[in-house]
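K.L.:
Protein chains in written order, with our numbering: chain A, 1 to 306; chain B, 1001 to 1306.
Even glycine gets a Cβ: it sits at the ideal position worked out from N, Cα and C.
This one's a predicted model, so the numbers in the text were calculated from it and none came from an experiment.
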């Protein structure tokens, strides 16, 4: 009886060196992009502003006196560094209001996208995996929502359901879900036809197990990417709703409310409009930079150019 | 061909019915419409009177059928705040919105399609960078903010163009610019990715391999194949313009449906809000239907596929 001993060629370094985790690879790849790092820093700054607005903002959101009303930004004639970005006609400090405004935007963006994603994944998996009448109903809902100009849809629902932060988040969560449904449904349809899913099914795996272990993990990358873009879109639309007076009450500082206050005063106090709009643009830009990088890192198939 | 047309038509009709049901239910089932319409001081008799006059004492299905019947006869109900038929109010405003939307669509197509094609043909080039930047700008610069900046620069500082109203052709310029950035960005991205996709096709590689000049490949092979999917940019552009008009018309005091809608929101004029939404939704669905039908005409794969 002979024993065959196989010794691995030690010096031959073919085998993968250290089995680095996929997560680690993705994180490292993400941070290789300077644009994405800048985007992430801006988002981090916003989160800090939103969480610690009381400590960071020089004034309260509705704190001020008429004596210091209508001040221009500090670097303009007549400005003061006490109010770096100037004040509005009630003497409220613009910088402080923009810092507080990050709260509404981030809350709506984060929870809106979270709700839309959760709802969208659930419906998308149901429609894609089970097909039949479930798919018909869910797809009709998706087509219905997507057939109306989004802004008009949101405006009408907000008009009917009233104006509060929670309602805005719910509205964005429900009306934002169809894009997630589309993505998930399509992917599930594609994946469930693949051999390894077929194999799992023939081994007797239940739908819940297949969905959890074989389908959802493949969706995480595209979902995170889409959620980032959706967050930015929701912040955008929330400021639009605020501008129309359909989001949080007018005295709550949100970037859209600030724009609405600035509009009639545009000619005399232009800075009141310029800075809140800049805050929206900067936030959306940061989220897009992060989203683009996530897309490249997480989902090579979606990569844009060669 | 006939079957395809019929199917698309039927789908659109179902969508329209869906929108009607949705809007109808939203208004009916979110509290008492009468309570939303009358002042708090109204007596119970007054409320009852309004209820009967609006037909709200009838069962819900009866209400819906009546409402549908009214719609078919062109009766969109009465505005609460203005006391005029909604159809009349919409009729007065539709021209202005259509003008603005059309101008925005034309401008978007004229700028975005060539830019997107050039960007897609040379990924990594300066044009590509420009195209991607414009795409990003469309998703990060809020149209309300852009509108205000445009007013500050061209109306307040330079005094070149009027900033409100609809008196001369010059008054169309600033609203069109503000309205178009979003759709330009969207269309550039769509065009660019379509070109990139077509470029990966085998027949393009063959054309290059047999020694065809890059220019001939671009015009003879890529352009016709890009043209077909690009039909959809028309409906994208229109939908964007209709949605964006809600803000833009308000900023520029443009007498169209958008400003009518934002005024109706401010006045809690539910019947008017509802009618305008339905009208815009029908419009968007019709544009979509026309695009789909055009697809069927130019691309046999679409009408035969599935």
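What separation, rounded to the nearest whole angstrom, lies between the Cα atoms of residue 998 (chain B) and residue 1218 (chain B)?
P.N.:
Residue 998 (chain B) cannot be examined here, being either before or after the span of chain B that is shown, 1001 to 1306.
K.L.:
Report the residues of the region 160-187 of chain A with a CB closer than 7 Å to any CB of chain B, ordered along the chain.
P.N.:
Cβ contacts with chain B come from 160, 161.
K.L.:
Do you know how far the Cα of residue 186 (chain A) is from the Cα of residue 1193 (chain B)?
P.N.:
On the second chain, position 193 is the one that residue 1193 (chain B) refers to. On the first chain, position 186 is the one that residue 186 (chain A) refers to. Whole-angstrom Cα-Cα distance: 19 Å.
K.L.:
Quick check: residue 95 (chain A) and residue 64 (chain A), are their CB atoms within less than 8 Å of each other?
P.N.:
Looking up residue 95 (chain A) in the first chain gives position 95. Looking up residue 64 (chain A) in the first chain gives position 64. Not closer than 8 Å, so no.
K.L.:
Taking 8 Å as the CB-CB cut-off, is residue 1288 (chain B) touching chain A?
P.N.:
The residue you call residue 1288 (chain B) lines up with position 288 of the second chain. Interface residue, yes.
K.L.:
Helix, strand or coil for residue 304 (chain A)? Go by DSSP, reduced to three states.
P.N.:
Along the first chain, read from residue 1 onward, the residue named residue 304 (chain A) stands at position 304. Residue placement at residue 304 (chain A) is flagged as unreliable, the pLDDT there being 44, under the threshold of 50; the coordinate-derived value follows with that caveat. It is coil, neither helix nor strand.
K.L.:
Closer than 7 Å, Cβ to any Cβ of chain A: which residues of the region 1135-1157 of chain B, in chain order?
P.N.:
Under the 7 Å Cβ criterion, the region 1135-1157 of chain B contributes 1136, 1139, 1140, 1141, 1142, 1144, 1145, 1148, 1151, 1152, 1156.
K.L.:
Check distances from the C-beta atoms of the region 1221-1241 of chain B to those of chain A and list, in chain order, the residues that come in under 8 Å.
P.N.:
The region 1221-1241 of chain B vs chain A, Cβ under 8 Å: 1239, 1240.
K.L.:
Whose C-beta lies closer than 6 Å to the C-beta of residue 165 (chain A) among residues of the same chain, with five residues either side of it excluded?
P.N.:
Within the first chain, numbered from 1, the residue matching residue 165 (chain A) stands at position 165. So the qualifying residues of the chain are 248.
K.L.:
With H, G and I counted as helix, E and B as strand and the rest as coil, what does DSSP make of residue 77 (chain A)?
P.N.:
Walking along the first chain from the start, residue 77 (chain A) turns up at place 77. Three-state DSSP puts residue 77 (chain A) in coil, outside helix and strand.
K.L.:
Jot down the residue ranges of each uninterrupted alpha helix (DSSP H) in the region 1058-1143 of chain B, minimum 4 residues, whole runs only, in chain order.
P.N.:
Correct list: 1060-1072, 1086-1121, 1126-1140.
K.L.:
What would DSSP say about residue 93 (chain A), mapped onto helix, strand or coil?
P.N.:
Reading the first chain from its first residue, position 93 is the one you call residue 93 (chain A). Here residue 93 (chain A) sits in strand by DSSP.
K.L.:
Determine, for residue 269 (chain A), whether the minimum Cβ-Cβ distance to residues of chain B falls below 8 Å.
P.N.:
If you number the first chain from 1, residue 269 (chain A) lands on position 269. Not an interface residue.
K.L.:
Consult DSSP for residue 1191 (chain B) and reduce its assignment to one of helix, strand or coil.
P.N.:
Working through the second chain from its first residue, we reach residue 1191 (chain B) at position 191. In this structure, residue 1191 (chain B) counts as helix in the three-state DSSP scheme.
K.L.:
Just by C-beta distance, which residues in the region 142-159 of chain A are closer than 8 Å to chain B?
P.N.:
So the close ones are 143, 144, 147, 148, 149, 150, 151, 152, 153, 155, 156, 157, 159.
K.L.:
From this set, B:1124, B:1171, B:1176, which residue's C-alpha is nearest residue 1108 (chain B)'s C-alpha?
P.N.:
In the second chain, residue 1108 (chain B) corresponds to position 108, counting from 1. Among B:1124, B:1171, B:1176, the Cα nearest to that of residue 1108 (chain B) is on B:1176.
K.L.:
Measure from the C-beta of residue 1291 (chain B) to each C-beta in chain A and report whether the shortest distance is under 8 Å.
P.N.:
As a first step, residue 1291 (chain B) is located in the second chain; it is residue number 291 there, counting from the start. No, because no Cβ of chain A sits closer than 8 Å to the Cβ of residue 1291 (chain B).
K.L.:
Sort out for me which residues DSSP pairs residue 87 (chain A) with in a bridge.
P.N.:
Counting from 1 along the first chain, the entry for residue 87 (chain A) is found at position 87. In the DSSP output, where bridge partners are listed per residue, residue 87 (chain A) has A:93.
K.L.:
Is the CB of residue 259 (chain A) under 8 Å away from at least one CB in chain B?
P.N.:
Working through the first chain from its first residue, we reach residue 259 (chain A) at position 259. For residue 259 (chain A), the answer is yes, since a Cβ of chain B falls inside 8 Å of its Cβ.
K.L.:
For the alpha helix (DSSP H) holding residue 203 (chain A), just list the boundary residues, first then last.
P.N.:
For the purposes of this step, residue 203 (chain A) is taken as the residue at position 203 of the first chain. Careful: residue 203 (chain A) lies outside any alpha helix (DSSP H) and carries neither H nor E.
K.L.:
Rounded to the nearest angstrom, what separates residue 1304 (chain B) and residue 1121 (chain B) at their Cα positions?
P.N.:
Within the second chain, numbered from 1, the residue matching residue 1304 (chain B) stands at position 304. Within the second chain, numbered from 1, the residue matching residue 1121 (chain B) stands at position 121. Rounded to whole angstroms, residue 1304 (chain B) to residue 1121 (chain B) spans 30 Å at the Cα level.
K.L.:
Per DSSP, what kind of secondary structure is residue 1263 (chain B) in: helix, strand or coil?
P.N.:
Indexing the second chain from 1 puts residue 1263 (chain B) at position 263. It is helical.
K.L.:
Identify, in the order they occur along the chain, each residue of the same chain with its Cβ nearer than 8 Å to the Cβ of residue 106 (chain A), setting aside the five sequence neighbours on each side.
P.N.:
Working through the first chain from its first residue, we reach residue 106 (chain A) at position 106. Within the same chain, residue 106 (chain A) has close Cβ partners 46, 47, 50, 235.
K.L.:
Can you list, in chain order, the residues of its chain with a C-beta nearer than 8 Å to that of residue 307 (chain A)? Leave out the 5 residues immediately preceding and following it.
P.N.:
There is simply no residue 307 (chain A) to check, as chain A begins at 1 and stops at 306 in what is shown.
K.L.:
Pull up the distance between the alpha-carbon of residue 337 (chain A) and that of residue 1250 (chain B), whole angstroms please.
P.N.:
One cannot answer for residue 337 (chain A) here, as it falls past the ends of chain A, which runs 1 to 306.
K.L.:
Closer than 6 Å by C-beta to residue 70 (chain A): which residues in its own chain qualify, once you throw out the five before and the five after it? Chain order, please.
P.N.:
As a first step, residue 70 (chain A) is located in the first chain; it is residue number 70 there, counting from the start. 89, listed in sequence order.
K.L.:
Starting from residue 275 (chain A), find everything on chain B with Cβ-Cβ shorter than 8 Å and list it in chain order.
P.N.:
Along the first chain, read from residue 1 onward, the residue named residue 275 (chain A) stands at position 275. In chain order: nothing, as chain B lies at least about 10 Å away.
K.L.:
Give me the chain B residues within the contact set of residue 140 (chain A), using Cβ-Cβ distance strictly less than 9 Å, ordered along the chain.
P.N.:
By one-based count along the first chain, residue 140 (chain A) stands at place 140. Result: 1014, 1015, 1018.
K.L.:
With a threshold of 16 other CB atoms inside 10 Å of the CB of residue 231 (chain A), please say whether the residue is buried or exposed.
P.N.:
Against the first chain, residue 231 (chain A) aligns to sequence position 231. Buried, because 16 or more other Cβ atoms sit within 10 Å of the Cβ of residue 231 (chain A).
K.L.:
Chain A partners of residue 1176 (chain B), CB-CB under 9 Å?
P.N.:
Position 176 of the second chain, counting from 1, holds the residue named residue 1176 (chain B). The contacting residues do not exist; residue 1176 (chain B) stays about 17 Å from chain A at best.
K.L.:
In chain A, what lies closer than 8 Å to residue 1244 (chain B) by C-beta?
P.N.:
By 1-based counting over the second chain, the position of residue 1244 (chain B) is 244. Correct list: 151.
K.L.:
Cα separation between residue 258 (chain A) and residue 61 (chain A)?
P.N.:
In the first chain, counting from the first residue as 1, residue 258 (chain A) sits at position 258. In the first chain, counting from the first residue as 1, residue 61 (chain A) sits at position 61. Looking at the two C-alpha atoms, the distance is approximately 11 Å.
K.L.:
Distance cutoff 8 Å, beta carbons only. Does residue 305 (chain A) sit that close to anything in chain B?
P.N.:
Sequence index remark: in the first chain, residue 305 (chain A) carries index 305 (1-based). Low confidence applies to residue 305 (chain A): its pLDDT is 40, below 50, so where it sits in the model is not reliable enough to give any reading.
K.L.:
Which whole-angstrom value is the C-beta distance of residue 1191 (chain B) and residue 1242 (chain B), which I expect to be below 8 Å?
P.N.:
Position 191 of the second chain holds residue 1191 (chain B). Position 242 of the second chain holds residue 1242 (chain B). Wrong, their Cβ atoms sit about 21 Å apart, outside the cutoff.
K.L.:
Under 9 Å between beta-carbons, which chain B residues line up against residue 193 (chain A)? List them in chain order, please.
P.N.:
Numbered from 1 along the first chain, position 193 holds the residue referred to as residue 193 (chain A). Result: empty, since nearest Cβ-Cβ is about 16 Å, beyond 9 Å.
K.L.:
May I ask you to report which of helix, strand or coil DSSP gives residue 1272 (chain B)?
P.N.:
Taking the first residue of the second chain as position 1, residue 1272 (chain B) is located at position 272. Note: residue 1272 (chain B) maps to helix in three-state DSSP.
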